[in-house]
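Here is the structure we will look at, set down as structure tokens.
Residue numbers (the working numbering): 1 to 150.
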């Protein structure tokens, strides 16, 4: 994971849903070169944040026995001209999953107002995963200290 685009996981219901938080601040690295004159958050950052969080739900649901790679997104909506200085809630829902692929959806909102969504997101799975390494990464990158819901 080169860029981590969520801050922490707050709710996890294996096989069902995941919720997390992302704060967008002016000190984000991508503002230095690409958006140095006008600080607008690129829509791809919202998409990647939702994809990363939903990916962890899939990996956790399968007990860290596989990795998940986003392969298709459809029905994507991103609010234009969003400037830094807010925290967003990310929520992902797993529609179906098997050992080979998963289907889900995700949304981001600020104080109840939707700022981005993915109507359909498909992941392909790889069984070439180091289960212990994935568990360590989940604990470290997820900021997860709670217990599973459900």
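Where is the CB? At the ideal position from N, CA and C, for every residue including glycine.
- Counting along the chain, the unbroken alpha helix (DSSP H) around residue 48 starts and ends at 43-61.
- Judged by DSSP in its simplified three-state form, residue 135 adopts helix.
- Of all C-beta pairs linking the stretch 105-116 to the stretch 128-138, fewer than three are shorter than 8 Å, placing the two stretches out of contact.
- DSSP, read as helix, strand or coil, puts residue 15 in coil.
- Going by DSSP, residue 101 is part of the beta strand (DSSP E) stretching over 101-110.
- Partner residues in a beta bridge of residue 128, as assigned by DSSP, do not exist.
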